[in-house]
Amino acid sequence: MKSDTLDRIDRHILNQLQKNNQISNLKLAERVGLSPPACLRRVKRLRDEGIISGDVSLVEPHIAGHTINIIVEVEMERDHLELSAQFRKTIIASPEVTQCYAVTGEVDFILVVSVPDMQAYDAFTHKVFYTQPNLRKFRSLISLDRVKFETAVKL
1 MKSDTLDRID
11 RHILNQLQKN
21 NQISNLKLAE
31 RVGLSPPACL
41 RRVKRLRDEG
51 IISGDVSLVE
61 PHIAGHTINI
71 IVEVEMERDH
81 LELSAQFRKT
91 IIASPEVTQC
101 YAVTGEVDFI
111 LVVSVPDMQA
121 YDAFTHKVFY
131 TQPNLRKFRS
141 LISLDRVKFE
151 TAVKL
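First residue of the sequence shown? That's 1 in full-length UniProt numbering, and the numbers climb one at a time after it.
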């Protein structure tokens, strides 16, 4: 299903769930103007069609001891499918990496890395970056303050 095929009620349901996915079906149905069974069917359809891709609880990183966020620009030596796949597997398996984007421009990947301290980041770079045969260089940008963090997408 494409976003342009979502009707007004689907969008209303999705906006409510993006604010609080723990809302009861009864309260959600009230807010969107549906009967509870009709609302439940719509939510189930949105999940079955992959429009709702997951339900999570967001944890404040500092509570988990992750006080440093680092944005890392990664430049690969050359475009090589197998080496790129190897790098992607390594990144996916690295719990320190909370986000990874393949991008266009001067760099190939942008990572968001969450660690408790600089020693943990140094260990991460040795374990992940220095073992990659195709990595040309990486640049670390240490976040001083998280100005905005939003998980909801505009509908």
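The beta carbon of each residue, even a glycine, is placed where N, CA and C say it ideally should be.
The model shown is predicted, which means the values in this text are computed figures rather than measured ones.
Taken in chain order, the complete beta strand (DSSP E) segments of 3 or more residues contained in the stretch 84-146 are 97-102, 109-115 and 135-142.
Put simply, the backbone Cα of LEU17 is about 29 Å away from that of VAL103.
Beta-bridge partners of ILE52 (DSSP): none assigned. Bounds of the alpha helix (DSSP H) holding VAL32 are 25-32. Under DSSP, ILE70 shares a beta bridge with VAL113 and ILE142. Annotation for GLN18: the continuous alpha helix (DSSP H) segment containing it runs 8-19.
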